[in-house]
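In the numbering used here, the protein residues as written are 5 to 153.
Listed below in structure tokens is the structure:
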């Protein structure tokens, strides 16, 4: 089940890093990071993401992720998992809109996600960000956290 983005800007080292992707045009940089994974029961987990954009304002942003999984080894017993979509009214343009969070819920045995669609609008013009070749994947590495040192 996809959930719309919540207000705020949270980004922290996570236990199941998805990665980040950059849009390179006009100094635009969207970063998507899986910050945490929550066990929800009955084989479902909630995956929290921080979404950061440091360039131009984008509106009506939609990011569709396809779960990577082994259909013979799901926690829910489902052999098919639907694509999950995160939506944002506004990303970027100002410090207040530079970051946001989103959550998707799917099988706990997901091994990662493929970004299969990324759309939005810049200056009122619709953009298919994948077709425009403006997405590049870069691996995210969380920081080590220690107590008392």
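The beta-carbon is built from N, C-alpha and C at its ideal position, and this holds for glycine as well.
| Item | Value |
| --- | --- |
| Can you tell which of 93, 68, 100 and 148 has the C-alpha that lies nearest to the C-alpha of residue 120? | 68 |
| In chain order, what residues of the same chain have a beta carbon less than 8 Å from the beta carbon of residue 61, not counting five sequence neighbours either side? | 94, 95, 96, 97, 98, 101 and 126 |
| Can you give the beta carbon distance from residue 64 to residue 124, rounded, assuming they're within the 8 Å contact cut? | 6 Å |
| Should residue 118 go down as buried or exposed, given a rule of 16 or more other Cβ atoms within 10 Å for buried? | exposed |
| Kindly list the residues whose CB is nearer than 7 Å to the CB of residue 122, restricted to its own chain and excluding five residues on each side of it in sequence; keep chain order. | 67, 133, 134 and 139 |
| Between which two residues does the beta strand (DSSP E) carrying residue 108 extend? | 103-111 |
| Of all the options 110, 105 and 153, which has the alpha carbon lying nearest to the alpha carbon of residue 47? | 110 |
| My parser needs the beta strand (DSSP E) runs of 3 or more residues fully inside the stretch 41-83; what are they? | 48-57 and 62-72 |
| Going by beta carbon distance, what residues of the same chain come within less than 6 Å of residue 90, once the five residues before and after it are set aside? | 67 and 106 |
| State buried or exposed for residue 136, treating a residue as buried only when at least 16 other CB atoms are found within 10 Å of its CB. | exposed |
| Roughly how many angstroms lie between the CA atoms of residue 73 and residue 146, to the nearest whole one? | 23 Å |
| Any idea what DSSP makes of residue 135, helix, strand or coil? | coil |
| Since residue 3 sits in a beta bridge, which residues does DSSP pair it with? | Coverage of the chain is limited to positions 5 through 153, which leaves residue 3 absent and any answer about it impossible. |
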